[in-house]
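Residue numbers (our numbering), protein chains in the order written: chain B, 42 to 364; chain V, 13 to 156; chain W, 14 to 140; chain E, 2 to 259; chain S, 838 to 1500.
Yeah, the Cβ is synthetic: ideal placement off N, Cα and C, and Gly gets one too.
If you're wondering where the values come from, they're calculated on a predicted model, not measured in any experiment.
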């Protein structure tokens, strides 16, 4: 796959169809993959990579590096393409200046799972035919791929690309998944247990803003948390409104727009399951207003800027949330 | 603090056209409800940003209630429909975070429903008083 | 007791009698009108008022043909035929004796009586 | 094209001709009617009560069997059609009913009964097509003035049956035209014959049925056709002065397979 | 630095009875930013207002808080007071310590404490208030009336009388609407044409009124005071300026088999036609669906016989663009289609007619020249059954849930006219309720019963059965007799429900005017602003707002005109300054705000921004039209970046209030 992608990227660069390519590149470690901008065939030959570690969602990177006067090729995994569709719907990226190639994703590996298994001093990781070989300073170990696949991929919502100019490899389908199971588990707890759970999780937050920076739905020109006039700033002070409410506000801000790509949880250095906040909103929206998948189609009307006269009343929450 | 001494802090957002007028009518008719309820006038229920409600909880409110025109009767035609969706989702999230769902409420009160306004407020204050002091949302960030 | 019957009728028929605006179209359309002591619109009204016993004890409940003309033509979607059926079910479920007994059948049956007639009648007149 | 076929009790006994002509005609039209292996009597009338499931189970079984065979379910007798279709509608729209039936039967009833129920006439209209039928007629009944008698069961409740305009139907009239005869429109064609009341009050049923045939005869019909054995029985008992026959008999006659 | 003044009103004992006003004034005087605090028995009195004015001047106050009755009561008063003292009137906040405090609490301690909280909340808010000025926009002194029935005609005449230009758009070839089709009017039985046609002529002759008949509104842009409307003049294939209305073409036209829609298809007319003798404008129109020349190029008779040379087979639709200050909707109604009511045999028998068809059958200009004859065999009917509420008060799919309001009265009229003209005809009226609220209405209905011997039967018809002999057997219920009855009738007349004209829904979308579920236009307030749409500059005249009879329609039409005149009389419009505004630096251009705006006040523009690295970047940003925005604030919450805020109720202000309450 990777070679096909490289070849096609170079072809498009050479033909002048595009002048820039957005893809992934490998850093010091096999598993340390970051989004990257390539502007020449040489750069592509040298750095371009597409493998089971290419987790980062390129749509946010594309937004940050967009240029209007020239065309950019972007490779999109299915979940990236949902985010991209949402960005197009919100007029945040210029569709005209993009050439989108959809590529399949067979599940990305979560290095944290390997580390959590006690592996240290990792020198290299290779993923081959459903096995993942880990080579460390202290010896080697092989995992079955599903053991180290990230949670978001195990609960993949779709292997289909809602938008593309060109597809490479097999196009998948919208998937059946159990992604709301964790949410349901929390919902089944008592309010006290839930409060304790979230206090435990959110107390670990160091306000590094990684979640916000990675989130493809967080593309505000100026984030309200950075805006002294929003009434929720005051970053420095401790115990302020913004500090405490950051994640709730962020989740509400992306409610109805979050495509559930899982970047927030992936990048969180404190391993806070932030996606469980977003999924709560997604689950509620599906339940109350009919199934809605953000980024499924360009021009969709988000559930929070929409209504029907027969919508459920807010007291549905007090009645246990059953529609 | 024993139960009967507990005085909850309750913030009530009322839309200017229906519910605020309903509250005025309750006053004109001398219908009593607890002084714990403090009203903030907004043009429409759709003006109420979830941030305001979160802020109230963070600042120590024990209950927040939003009152607007009945669905279909909004002065601005559709405002309360949007408010209804926003609040449904917000309340569900607050409940998910462990803030008891009884601490948040939306009621549709028309300008003619002074009696309903008083009844709703009495009931809401009673419910919140029974729940007792709210967990401060700011605790969410404090180490256990 | 009466209230229970009323609730039971409302529940089992699924009809909201309060939607009736008393236009009488059901009775204006009923093919069994002449044979009935209480007419379709009265069924709806009497159930609303809780006068269930009069209905249960009336032969009218066996006169409805379940032809659904009243259901079809009611401008308010009240469905009187379902009310009649629910009242009759109370009667047939309660009665010690069925309205139609198996031993009566030989007296009424003729050579050309279709089986459909017998099963239908049993459905309507028996527990 | 193959359909699962539900004949019903009377078609095996007193209304054999309704069934026989239908089968022969279907064959002539290239349609296979596969009789359900173990069907039970539909019960004759649908019990509208929401708290009553026992009387609906035979229909559920028929629907389930057809679903298993993977075919649409064709009915012929108006009563069977009405009962089965209403049962399906109840399962589709009444969650409580679906829940109870599912529990009792140990199946997901809504899913298991997701079968298209069509009346033989609908099959003629929608699958064969009346234009196509017209072409296959070898013995057009030209000059015959036929009155269609719908009765109540095929048409009502309109929302559930979705058969035709319940107040001004035309499917049988179109059928009559297709076989070369002239339909007679008369107002009593969708009024009730008296149904099962005939068992205990023959006079009432006679009154109802007389009104029907008198209206048809008054408009010049020389024959009445129906899809319901009980309608036919009642009309005949009411001393109809014009013949009352099953529509399938005319169909078979027109197709030359009588 | 803010300098805030606090003024606590006693309202006699209304407030002072349960609130320790001195303590309130004292406590609030210590709030940050407060430089003056006082109490007074009646703050709204002249002396009270002077107290405020003097304090503003003396202390150079930048904002004031009045602790008094509800702002709904005296906010405007105190704003004027502030303005008179040179303080921006939006630097005033009211703490409602009467309706929401002293009147509902009995304990002085509790009430006083609450009054202090309410006061400091208002102080917290006013500290963040910004001076606001109402913006101005010019008013185009011209009105558009859409719909040329009696409602549109009356509104146009009244507006023109006040000296303003009016354009009257009618989609049919002539103005007149439904009233032109009606024979007599209740409860006076005067002839509809006799009272309507002079008004039509007035319209045609009025210099201020411009009639665009056979025209439709295509597009609407702009806002109150300044709408731009595109009107499509449909091709008549006749030059309006040349046609004299002589009617020779209509006589000579060989295509006589065209259904006469003015007579509801009860008879036929020629393909080139003038709908009726008194049509305005009285010019011919060619029905393109039936004209042989237009269909296949074979004929051309009308062109040959026209002495004025007015026929133009090549005429095209024409688009006219015009500016208006106000738009009046007067799109009227139609009877519903009766396809869902075949139990009444309407489609089956020509002798079952709607009431409007009966009007034409009885009209001297109708198909039978005013003699009531059965459509089927043109014989005199001896028994007529009227059925009320056909489709009205009907919650099924084919009906309308509302009462059509006019049917009870016109049926009484029909019954009376028939009994008067044909005493040998028996008339039965099946009714559910007879609704006659209106001047002389019930008396009129009673005359039908008492003087004219009309048989009113409480009940409904279940089925109409055409008989072989041509009679109509009517089966219905007589609920008072508790009987089912059969009537052998010659004709059946159905009082079909009325519904808004089908053109209303797309028009409402163009106007961003709201409609209810029945497609009636919604009024700005059901009681107090019944002739205005919530969308500023859009006014409602006649049945488009809800079922009405003629007198009510005319009353509403004139009321509507008065409102339009009131608007056009202004040179400039001052708008409520408490409107939304977008901070372009923060705006993402994501369109969320636009989606929730009920007024279409938000548009997007591409704007160039200078970036920190001195490059420029073009971004799409939201822009609020302050003249259209009504200040609901829906956009402020929909906006993810907080770019959208609402003057007078800003995010910061409301949060400050929250903080003050929770302090």
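Practice problem: Take residue 355/B as the anchor and find which of 109/V, 131/V, 105/V has the nearest alpha-carbon. | Solution: Stepping through the first chain from its first residue, residue 355/B is reached at position 314. Out of 109/V, 131/V, 105/V, the CA that lies nearest to the CA of residue 355/B is found in 105/V.
Quiz item: Start and end of the alpha helix (DSSP H) containing residue 1140/S?
Solution: Here residue 1140/S refers to the residue found at position 303 of the fifth chain. Looking at the DSSP string, the run of the alpha helix (DSSP H) that includes residue 1140/S is 1138–1142.
Quiz item: Apart from the five residues on each side of it in sequence, which residues of its chain come closer than 8 Å, Cβ to Cβ, to residue 47/W?
Solution: On the third chain, residue 47/W is found 34 positions in, with the first residue counted as 1. Hits under 8 Å: none found.
Quiz item: DSSP puts residue 108/W in a beta bridge; with which residues?
Solution: The count along the third chain starts at 1 and reaches residue 108/W at position 95. The partner list for residue 108/W (beta bridge, DSSP) is empty, contrary to what the question assumes.
Exercise. Quick one: give me the first and last residue of the alpha helix (DSSP H) that residue 28/B is part of.
Key: Not covered by the structure: residue 28/B. The range shown for chain B is 42 to 364.
Quiz item: Checking contacts by CB at 8 Å: is residue 1503/S closer than that to chain W?
Solution: Given a span of 838 to 1500 for chain S in the structure shown, any question on residue 1503/S remains unanswerable.
Quiz item: Using the C-alpha atoms, what's the distance from residue 65/V back to residue 278/B?
Solution: On the first chain, position 237 is the one that residue 278/B refers to. On the second chain, position 53 is the one that residue 65/V refers to. At residue 278/B the pLDDT is 45, less than 50, meaning the model places this residue with poor confidence and gives no usable figure here.
Quiz item: Looking only at its own chain, which residues have a Cβ that is under 6 Å from the Cβ of residue 72/W, when we skip the five neighbours before and after it?
Solution: Position 59 of the third chain, counted from the start, is the residue given in the question as residue 72/W. Closer than 6 Å at the Cβ level, and outside the excluded window around residue 72/W, lies no residue.
Self-check item: Range of the contiguous alpha helix (DSSP H) that encloses residue 250/E
Solution: One-based indexing of the fourth chain puts residue 250/E at position 249. Segment 248–256, the alpha helix (DSSP H) holding residue 250/E.
Exercise. Can you give me the Cβ contacts of residue 854/S inside the same chain, cut-off strictly under 6 Å, excluding the 5 residues immediately before and after it?
Key: As a first step, residue 854/S is located in the fifth chain; it is residue number 17 there, counting from the start. Excluding sequence neighbours, residue 854/S sits near nothing in its chain.
Self-check item: residue 317/B and residue 237/B closer than 8 Å at C-beta
Solution: Mapped onto the first chain, residue 317/B falls at position 276. Mapped onto the first chain, residue 237/B falls at position 196. Not in contact: residue 317/B and residue 237/B (Cβ atoms no closer than 8 Å).
Exercise. Determine whether the Cβ of residue 98/W lies closer than 8 Å to any Cβ atom of chain E.
Key: Your numbering for residue 98/W matches position 85 in the third chain. Yes, because at least one Cβ of chain E sits closer than 8 Å to the Cβ of residue 98/W.
Practice problem: Closer than 7 Å by beta-carbon distance: list the chain S residues that pair up with residue 132/B, in chain order. | Solution: One-based indexing of the first chain puts residue 132/B at position 91. Under the 7 Å cutoff, chain S gives 1426, 1427, 1428, 1457.
Quiz prompt | Inter-residue CB distance, residue 127/W and residue 230/E (contact presumed, cutoff 8 Å) | solution = On the third chain, residue 127/W is found 114 positions in, with the first residue counted as 1. On the fourth chain, residue 230/E is found 229 positions in, with the first residue counted as 1. Contact holds; Cβ gap of about 4 Å.
Quiz item: How big is the Cα-Cα spacing for residue 119/V and residue 348/B?
Solution: As a first step, residue 119/V must be located in the second chain, where it is residue number 107. As a first step, residue 348/B must be located in the first chain, where it is residue number 307. So the two alpha carbons sit approximately 18 Å from each other.
Exercise. Run down chain B in chain order and give the residues with a C-beta less than 7 Å from the C-beta of residue 103/V.
Key: Walking along the second chain from the start, residue 103/V turns up at place 91. Within chain B, the residues near residue 103/V are 355, 358.
Quiz item: Using a C-beta cutoff of 8 Å, does residue 1486/S count as contacting chain V?
Solution: For the purposes of this step, residue 1486/S is taken as the residue at position 649 of the fifth chain. Output row for residue 1486/S: interface = yes.
Practice problem: Grab the span of the alpha helix (DSSP H) containing residue 69/E for me, first residue to last. | Solution: For this step, residue 69/E is matched to residue 68 along the fourth chain. Its alpha helix (DSSP H) spans residues 58–70.
Exercise. Keeping to the same chain, check which residues put their C-beta closer than 6 Å to that of residue 1329/S; ignore five residues upstream and five downstream.
Key: Here residue 1329/S is taken as the residue at index 492 of the fifth chain, counted from 1. Excluding five sequence positions before and after residue 1329/S, the CB atoms of its chain that fall closer than 6 Å to its own CB belong to 1189, 1222, 1301, 1309, given in chain order.
Quiz prompt | Whole-angstrom C-beta distance between residue 935/S and residue 1028/S, which should lie under 8 Å | solution = Locating residue 1028/S in the fifth chain gives position 191, where the first residue counts as 1. Locating residue 935/S in the fifth chain gives position 98, where the first residue counts as 1. In fact, because the Cβ distance is near 59 Å, the residues do not count as touching under 8 Å.
Quiz item: Is there contact here, the segment 1353–1368 of chain S with the segment 1249–1266 of chain S, by at least three beta-carbon pairs under 8 Å?
Solution: No: fewer than three Cβ pairs fall under 8 Å.
Quiz item: Roughly how many whole angstroms lie between the Cα atoms of residue 93/B and residue 180/B?
Solution: In the first chain, counting from the first residue as 1, residue 93/B sits at position 52. In the first chain, counting from the first residue as 1, residue 180/B sits at position 139. Distance between the alpha carbons of residue 93/B and residue 180/B: 22 Å.
Exercise. Specify the secondary structure class of residue 991/S as computed by DSSP and reduced to three states.
Key: As a position in the fifth chain, residue 991/S is number 154, starting the count at 1. Under the three-state reduction of DSSP, residue 991/S is assigned to helix.
Quiz prompt | Members of the segment 1182–1204 of chain S near chain E, C-beta cut-off 9 Å | solution = Here the close residues are 1182, 1184, 1185.
Quiz item: What residue range is occupied by the uninterrupted alpha helix (DSSP H) comprising residue 1325/S?
Solution: For the purposes of this step, residue 1325/S is identified with residue 488 of the fifth chain, where counting begins at 1. First-last for residue 1325/S: 1320–1326, but that is the beta strand (DSSP E), not the alpha helix (DSSP H).
Quiz prompt | 8 Å Cβ cut-off: residues of chain E touching residue 1302/S | solution = Position 465 of the fifth chain holds residue 1302/S. Here the neighbours are 188, 189, 216.
Quiz item: At a CB-CB cut-off below 8 Å, which residues of chain B make contact with residue 99/V?
Solution: One-based indexing of the second chain puts residue 99/V at position 87. In chain order: 355.
Practice problem: At 4 residues or longer, and completely inside the segment 1383–1432 of chain S: list those alpha helix (DSSP H) runs for me, N to C. | Solution: If only uninterrupted alpha helix (DSSP H) runs of at least 4 residues are considered, those enclosed by the segment 1383–1432 of chain S are 1387–1405.
Quiz item: Counting contacts by CB-CB distance shorter than 8 Å, is residue 909/S in contact with chain W?
Solution: One-based indexing of the fifth chain puts residue 909/S at position 72. By this cut-off, residue 909/S is not an interface position.
Quiz item: residue 932/S by DSSP, collapsed to three states: which one?
Solution: For this step, residue 932/S is matched to residue 95 along the fifth chain. For residue 932/S, the three-state secondary structure derived from DSSP is strand.
Exercise. For residue 21/W, name the three-state secondary structure that DSSP assigns.
Key: One-based indexing of the third chain puts residue 21/W at position 8. Note: residue 21/W maps to helix in three-state DSSP.
Quiz prompt | Distance between residue 346/B and residue 1476/S (C-alpha atoms, nearest Å) | solution = Position 639 of the fifth chain, counted from the first residue, corresponds to residue 1476/S. Position 305 of the first chain, counted from the first residue, corresponds to residue 346/B. Each residue's Cα considered, the two are about 10 Å apart.
Quiz item: Where does residue 138/W sit, in a helix, a strand or coil, going by DSSP?
Solution: Taking the first residue of the third chain as 1, we reach residue 138/W at position 125. The answer is helix: DSSP assigns residue 138/W an H, G or I state.
Quiz item: Sorted by chain position, which residues of the same chain lie with C-beta nearer than 7 Å to residue 1285/S's C-beta, five sequence neighbours on each side aside?
Solution: As a position in the fifth chain, residue 1285/S is number 448, starting the count at 1. Within the same chain, Cβ atoms closer than 7 Å to the Cβ of residue 1285/S are found at 1249, 1252, 1253, 1291, the five residues on either side in sequence being excluded.
Quiz prompt | Expected contact under 8 Å - CB spacing of residue 1314/S and residue 37/W to nearest Å | solution = On the fifth chain, position 477 is the one that residue 1314/S refers to. On the third chain, position 24 is the one that residue 37/W refers to. Yes, residue 1314/S and residue 37/W are in contact; Cβ-Cβ is about 4 Å, under 8 Å.
Practice problem: Go through its chain and collect everything with a Cβ distance to residue 1132/S's Cβ below 7 Å, but skip five positions before and after it. | Solution: On the fifth chain, position 295 is the one that residue 1132/S refers to. Correct list: empty, nothing qualifies.
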